[in-house]
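Going down the list, the protein sequences come from chains Y and B. Residue numbering for the first sequence follows the numbering used here, starting at 1 and increasing by one per position. Residue numbering for the second sequence follows the numbering used here, starting at 1001 and increasing by one per position.
Number of protein chains: 2
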Amino acid sequence: MNNCEEEIYKAISKFSYGLYIVSSREGEKPNGQVANTVFQTTACPPGIAVSISKNNLTHVCIADSGLYSVSVLAQDSPMPFIGLFGFRTGRDINKFEKISFKTLGGCPAVTEHSLSIATVKVNKAVDMATHTLFIGEVTAAETLRDGVPLTYEYYKTVKHGMTQKNATTFAPATK
Amino acid sequence: MNNCEEEIYKAISKFSYGLYIVSSREGEKPNGQVANTVFQTTACPPGIAVSISKNNLTHVCIADSGLYSVSVLAQDSPMPFIGLFGFRTGRDINKFEKISFKTLGGCPAVTEHSLSIATVKVNKAVDMATHTLFIGEVTAAETLRDGVPLTYEYYKTVKHGMTQKNATTFAPATK
């Protein structure tokens, strides 16, 4: 059986996600990317995991610093802003040049269009071949404002957003 | 700093999730539970992870069989049905006695009130102290019907659903 069959992608495309900016730094240089695969793994202490493509600069940053932050995007985040973090690479541009961010728990965290931010200290990196699952504990967090969190479903169906090829939910068979 | 502080739980409570029944078996005996922490970790081959409390019988089943299935719950799933899988233990009752399920890839999968099902063969079990993160590859999947997937947010705010104490998103400080 070919695991990449269309039926599998169709079935698991019904999973629900939020949409986040995951940020980190290489030395002092901040970088970040859009991710939908952020989730809480334990209640107390509060553990978080995220799956990041090995192709992405953010992967280098997290492996280097052992830290990442999660910014929960607001539903009304403009598409050019999401596109900056989702479809550009920090190898070509400084994504943090013209946007608002702060340092939280030693890690840059995007505050613009974000409802809350949390910084994670990585204590496990699980090799998933194409991606690494970075698991750790939340060391600092802030709620920035009230609002509706952006879901991946809303991004796709209402905002007509695309899925980047390094996303875990990019379906090779079905595009 | 106390990681269990209210600020952290408030910030990460804005993460978005779906709601699923994760099923497995101990020998031939099926069991399952509600979980919100299901997510895709890789695109090709399609990898899935779920965080399961060590207190739960489903944890014993997955560790025993090396298999689990994910059923994507429909938004119109009735609360008594969700309650059966979310707030009862398979140690006291057979949750599968009066509900519809099928065997998919060698694993029981709940089909009732489900939009799609997928069976995962576990290839990594990551110890998270209170929970285990079971990661694996999807070996079989089926889409059962069209419909809107139930999100954790909809379950909490529209259906007024509670969070079970073994859930990763159970907030000790804020309840």
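Even glycine gets a Cβ: it sits at the ideal position worked out from N, Cα and C.
Count the other CB atoms within 10 Å of the CB of residue i; is the residue buried (16 or more) or exposed (fewer)?
i                 : result
glycine 1027(B)   : exposed
valine 1070(B)    : buried
histidine 1160(B) : exposed
lysine 1175(B)    : With a pLDDT of only 42 at lysine 1175(B), under 50, the local geometry of the prediction cannot be trusted, and the value read off the model is given with reservation. Exposed.
tyrosine 1155(B)  : buried
valine 1158(B)    : exposed
valine 148(Y)     : exposed
glutamate 1153(B) : buried
isoleucine 93(Y)  : exposed
When the Cα atoms are used, what is the spatial distance from residue i to residue j?
i                     : j                 : result
glutamate 1163(B)     : alanine 129(Y)    : The residue asked about is misnamed: residue 1163(B) is threonine in this sequence, not glutamate. Spanning the two alpha carbons is a distance of roughly 34 angstroms.
valine 1072(B)        : isoleucine 12(Y)  : 8 angstroms
alanine 173(Y)        : glutamate 1005(B) : Low local confidence applies: a pLDDT of 47 at alanine 173(Y) is under 50, so the model's placement there is unreliable, and no value is given.
isoleucine 1008(B)    : threonine 103(Y)  : 16 angstroms
asparagine 55(Y)      : glycine 1090(B)   : 43 angstroms
proline 46(Y)         : glutamine 1040(B) : 20 angstroms
phenylalanine 170(Y)  : serine 24(Y)      : 23 angstroms
phenylalanine 1081(B) : threonine 1151(B) : 16 angstroms
leucine 67(Y)         : alanine 1125(B)   : 23 angstroms
lysine 14(Y)          : serine 1116(B)    : 7 angstroms
lysine 121(Y)         : threonine 42(Y)   : 14 angstroms
alanine 1118(B)       : threonine 111(Y)  : 36 angstroms
alanine 141(Y)        : asparagine 36(Y)  : 19 angstroms
List the residues of chain B whose Cβ lies closer than 7 angstroms to the Cβ of residue i, in chain order.
i              : result
proline 149(Y) : Lys1014, Ser1016
lysine 124(Y)  : Val1126
lysine 10(Y)   : Thr1143
valine 72(Y)   : Lys1014, Phe1015
Is residue i near the ligand MN, in the sense that its beta carbon is under 6 angstroms from a heavy atom of that ligand?
i               : result
arginine 145(Y) : This structure does not include the ligand MN; it has no bound ligands of any sort.
Would you mind telling me which residues of chain Y sit closer than 7 angstroms to residue i, beta carbon to beta carbon, in chain order?
i                 : result
glutamine 1040(B) : Ile12, Phe15, Thr37, Thr168, Thr169
Which chain B residues sit within Cβ distance under 9 angstroms of residue i?
i                 : result
histidine 131(Y)  : Thr1041, Thr1042, Ala1043, Gly1047
isoleucine 117(Y) : Ala1011
serine 51(Y)      : Phe1039, Gln1040, Thr1041, Thr1042, Gly1047, Ala1049
glutamate 7(Y)    : Ala1140, Ala1141, Glu1142, Thr1143
isoleucine 135(Y) : Val1126, Met1128, Leu1133
Consult DSSP for residue i and reduce its assignment to one of helix, strand or coil.
i                   : result
threonine 1157(B)   : helix
phenylalanine 96(Y) : coil
leucine 1084(B)     : helix
glutamate 6(Y)      : helix
serine 1116(B)      : strand
methionine 79(Y)    : helix
Fully enclosed by the region 10 to 63 of chain Y, which beta strand (DSSP E) runs are 3 residues long or longer? Scanning the region 10 to 63 of chain Y from its first residue to its last, the whole beta strand (DSSP E) runs of 3-plus residues come out as 20 to 26, 29 to 35, 38 to 42, 47 to 53.
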